[in-house]
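Engineer:
Number of protein chains: 2
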Amino acid sequence: MVENTTAQQIETYLGAADAAFAAWSATPAGVRADVLDVVADALDAASGELVPIAMAETNLPEARLTGELKRTTFQLRLFGQVLRDGTWYDARIDHADAEWPMGAPRPDLRRTHIPLGPILVFSASNFPFAFSVAGGDTASALAGGNPVIVKAHSGHLELSRATGEVVTRALAEAGAPEGLFHVVYGTEAGKTALLDPRVKGSGFTGSIPGGRALFNLATSREEPIPFYGELGSNNPVFVTRQAAALRGESIAAEFVASFTMGAGQFCTKPGTLFIPRGSGMREALASAALPNGAKLLNDRIQAGYLEVLQQLSGHAATEVLVQGSDPLADPPSPTLLVTGVEDLLADPSALQTECFGPTAMVVEYDDEAQLVQAAKTFEGQLTATLQAQDDDDVAELVRIAAGKAGRVLWNQWPTGVSVTYAQQHGGPYPATTAAGSTSVGTAAIARFIRPVSFQNFPQHLLPAELQDANPLSNPRLVDGKPVA
Amino acid sequence: MVENTTAQQIETYLGAADAAFAAWSATPAGVRADVLDVVADALDAASGELVPIAMAETNLPEARLTGELKRTTFQLRLFGQVLRDGTWYDARIDHADAEWPMGAPRPDLRRTHIPLGPILVFSASNFPFAFSVAGGDTASALAGGNPVIVKAHSGHLELSRATGEVVTRALAEAGAPEGLFHVVYGTEAGKTALLDPRVKGSGFTGSIPGGRALFNLATSREEPIPFYGELGSNNPVFVTRQAAALRGESIAAEFVASFTMGAGQFCTKPGTLFIPRGSGMREALASAALPNGAKLLNDRIQAGYLEVLQQLSGHAATEVLVQGSDPLADPPSPTLLVTGVEDLLADPSALQTECFGPTAMVVEYDDEAQLVQAAKTFEGQLTATLQAQDDDDVAELVRIAAGKAGRVLWNQWPTGVSVTYAQQHGGPYPATTAAGSTSVGTAAIARFIRPVSFQNFPQHLLPAELQDANPLSNPRLVDGKPVA
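Top to bottom, those sequences are chains A and B. For the working numbering, add 266 to where a residue sits in the first sequence, where the first one is 1. For the working numbering, add 266 to where a residue sits in the second sequence, where the first one is 1.
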């Protein structure tokens, strides 16, 4: 039993985080990278302890959790690599230029990025490792030079405590400043920390109502702070007529695998599949072999799932295309609903409601022009996917999809978000509260840092990444030109 | 007489902006650059028409306004250069990698940036060209591919209209989409546009109360939007004992020139000068030749200036160090107040109040350790300045200053913000509502764009900046390595 953090404990943690900020932000980035490596190694070593706790608390299977932990430690090490290669500084050097054509001499200006201060991370229910205590926001905040306070998710409190202990021990072993990292428990603890003036930024992964409420708190503070909330997404998939004709059966099978993966509890689950009428895809989907039901993460999610499923299946314009034997049981068998594109266009907000769990909506269309029309009705999305052929005329659909989503896919599936340099996991509201940011991939390091310029400074007082000698060998923009 | 924009006109403009978005965002960046050049040329050609209107409306002198217009057109052309060199895409290419050590194969992922949609720019009173109708936010929004609606500042309505006409004509001449750009007038017009769902981002330069009220509106929308507000700054300057001993007289003279420049109506005006007691600097400042009073921008600013001046000079801990013959007249002679660092530490918020106009505060200290203490009491700032010698022990003061401000200066003065690649004009709240952003310099192009990744796309459907052949020759991060 993990107890809620008291107000007094939070005060202690915030004071400690604030005190640790000076030392951690002044720790050279390469040393911070070494610390992240130690944390990653410790988590890998604790896999045998942590995975069983996660299994017991989240109902997720061992292979998935083992893989997720591996992804989590890879992520910590990849941020370390970014710290070492120095791309994250976005270092820029303008030498003084008496002839600068602005009409006044240009001073010597040098721009880099510095950390914000203590960061509050709200962890997610559905990724107990990768978006939780030692997940992406924690990694990017620590990498950037910030102390971290994690609000544990109520769905995996014991795992949060155990993970927090591994991280805290590893940080101490690696020589990180005391007080750099804490885990707190309970809704009130999260709110108290979010409203504390010492907290300078926050990340969140969860529901639209929960995330919006916290966003409102963060922006209503006397000093508003950046709040990176990932809230919800339907992740539509558009199948062209040609693709359906050529690969309809395999698209149907891949779709079923993707929307039921992890019992449909991925934020990138494809929630809507547009298929051409009369292509045979409806029949292929209707006869698809659905996997057995799997227990959802927790009772609250089970209850929420049933509510949205009944809402969607009760809509006058939908019918059940296929479902397992016990769609409303615990665990629930998967369900595929079907509607027509005309109905979706008539009532988009009801029929595009995200259903967190093993349900998705198939939408039949006649004409590919309707795909463009339908795509325009979606709110902001994490992903949008095309299943199409190279000679399909889909440029306009791609343009609309990119305007709605943070990631657009071609003949692949949105579930499984690779941690890379070019990943973008984000999107316009309500997919996130900050479409300019990503929560996955190396660009996430930009979340908790800010630019600062030094004008006319002597070399010895400049940060290393801005010194003429370039002791860190980081890439820079020198007088407007990239120097790798 | 410029009339307020009606609700019906705003509706028309927003519809037009929304319609123009598709064409403008799809216009190649190099063509957008050419359009910006045409706008810059047209503004330069209209200097003889615009500057006299600006003089009549703002009380600013001809040389200043001519220089500011030159800076404004330089800025438009510099954004064009950024569009052509392609740094602004931050293009990233990850090739597919079956051995990616995350534990799952890496797909082909390619990340670039796309525009947000119609942008609302609130122009500033104090820079009728550079932070107004054709100013920095307009330039960066247009450059990024967004339509622009400018809310004209009430202080220079005729100039706004005239500038808007020049811009609109030039855009048409250059072949930009119709409806790309509008100017609106009146407080209600600004609010209506800010709350309209078609507006996707906003920039603002002005006061703390005004900016905060608009920030609150922007974040309270059903779809919150990024709001880049520049609100207020005191811009402290710290003079070390050595610097005072070696250069006290010239520092005093330079300070007077800086805080009275433009009648003290710069957001980067140095509002507080820390000097060592017994160094002779107090005497140098007390006998400084202050310039004559100059008329402030408008009556509202004159009234606000007198109110804050009387508040500061009425504070029990301040006295007048030197002032011209008519400090409370219109135009007001400059005033220098003086207090002690102990008093500042005892009542920082009152004594650090920004006074927009030709007044500044001198703060005497004994020990340089008090500078660090005092620096810690400041809220977020646009700038912080050290006047110091190379062998001064100021590393801690520099660290604190960088933690408070967007730009830190060494032996120069914060007024005069150069438009360059490495400029950072921004800072923690209340200097701005978005410390991660700049309103001056080429990095400002990041304000109104967002990242999007394309996964597994065929070459012909990728944006040019992400294609293997690199037809635009833009720099990119390929598999994590910068390729210039």
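The C-beta atom is built at its ideal place from N, Cα and C for all residues, glycine as well.
1. Exposed or buried, which one is V586/B when buried takes at least 16 other CB atoms within 10 Å?
2. Is there a C-beta anywhere in chain B that falls below 8 Å from the one on F720/A?
3. Mind checking H691/B: buried by the 16 CB within 10 Å criterion, or exposed?
4. According to the Cβ coordinates, are A569/B and T471/B closer than 8 Å?
5. Which residues in chain B sit within 8 Å of T704/A, going by Cβ to Cβ distance?
6. Can you list the beta strand (DSSP E) stretches of 3 or more residues lying completely in the stretch 683 to 713 of chain B, in chain order?
7. Starting from the beta carbon of G333/B, find every residue of chain A whose beta carbon is closer than 7 Å, and list them in chain order.
8. Taking the beta carbon of H726/A as the centre, do at least 16 other beta carbons fall within 10 Å, making it buried, or is it exposed?
9. With DSSP as the reference, please indicate the residues paired to F447/A in a beta bridge.
10. Along chain B, in chain order, which residues have C-beta atoms closer than 9 Å to that of A656/A?
11. Quick one: what's got a C-beta closer than 7 Å to T271/A's C-beta in the same chain, skipping five residues either side?
12. Using beta carbons (cut-off 8 Å, strictly below), is F532/B in contact with chain D?
13. Quick one: is R673/B buried, meaning 16 or more other Cβ sit within 10 Å of its Cβ, or exposed?
14. Can you tell me the Cα-Cα spacing of D211/A and R343/A, whole angstroms?
15. What ranges does the beta strand (DSSP E) occupy inside the stretch 372 to 426 of chain A, keeping only unbroken runs of at least 3 residues that lie completely in it?
16. When the cut-off is 8 Å and only beta carbons count, does T485/A lie next to chain B?
17. Rank A688/B, A710/B, R742/B, G411/B by C-alpha distance to the C-alpha of A688/A and give the top, closest one.
18. If we require 3 or more residues per run, which beta strand (DSSP E) segments fall completely within the stretch 333 to 369 of chain A?
19. Quick one: what does DSSP say E269/A is sitting in, helix, strand or coil?
20. Our contact map puts S832/B next to V399/B with C-beta atoms below 8 Å; I'd like the distance itself, whole angstroms only.
21. Express the C-alpha separation of N722/A and E731/A in angstroms, rounding to a whole number.
22. Cα-Cα, which of V588/A, V638/A, R337/A, I715/A is closest to A407/A?
23. Going along chain B, which residues have a C-beta under 8 Å from R435/A?
24. If you count every other CB in all the chains shown that lies within 10 Å of the CB of K336/A, and 16 or more means buried, which is it?
25. Between which residues of its own chain and E593/B is the CB-CB distance below 6 Å, once the five residues before and five after are set aside?
26. Is A286/A close to chain B? Criterion is C-beta to C-beta, closer than 8 Å.
27. Residues bridged to Q275/B by DSSP?
28. Smallest Cα separation from L382/B: which of L497/B, P557/B, A288/B?
29. Report the start-end ranges of each beta strand (DSSP E) in the stretch 497 to 524 of chain A that is 3 residues or longer and not cut off at the edges.
30. Could you name the residues of chain B that F481/A contacts, counting a contact when the two beta carbons are closer than 8 Å?
31. What residues in its chain sit with their C-beta under 8 Å from that of L302/A, if we drop five residues either side in the sequence?
32. Using three-state DSSP, classify A282/A as helix, strand or coil.
33. With 8 Å as the threshold, decide whether the Cβ of R358/B is near any Cβ in chain A.
34. Where does M267/B land, buried or exposed, given buried means 16+ other C-beta within 10 angstroms?
35. Strictly by DSSP, which residues pair up with Q647/A?
36. Could you tell me which chain A residues have their CB closer than 7 Å to the CB of T458/B, listed as they occur along the chain?
Structural biologist: Result, derived from the coordinates:
1. exposed
2. yes
3. buried
4. no
5. P717
6. none
7. G369
8. exposed
9. V414/A
10. Residue identity check: residue 656/A is Asp in the sequence provided, not Ala. Simply P724, H726, L727.
11. V450, Y451, G452, A455
12. No chain D appears in this structure, whose protein chains are A and B.
13. buried
14. Chain A is shown from 267 up to 750; residue 211/A falls before or after that span and cannot be answered.
15. 375 to 381, 385 to 388, 414 to 417
16. yes
17. R742/B
18. 357 to 360
19. coil
20. No information on residue 832/B is available, as it lies outside the stretch 267 to 750 that chain B covers here.
21. 15 Å
22. I715/A
23. None at all; the shortest Cβ gap to chain B is about 24 Å.
24. buried
25. In the sequence as presented, Glu is not what sits at residue 593/B; that position holds Pro. Same-chain partners within the cutoff: S599, T601.
26. no
27. Per DSSP, none; premise fails for Q275/B.
28. A288/B
29. 502 to 505
30. T485, P490
31. L342, R343, F345, G346, L349, A405, L408, A409
32. helix
33. yes
34. exposed
35. A671/A
36. Per Cβ cutoff of 7 Å: no residues; T458/B is ~20 Å from chain A at best.
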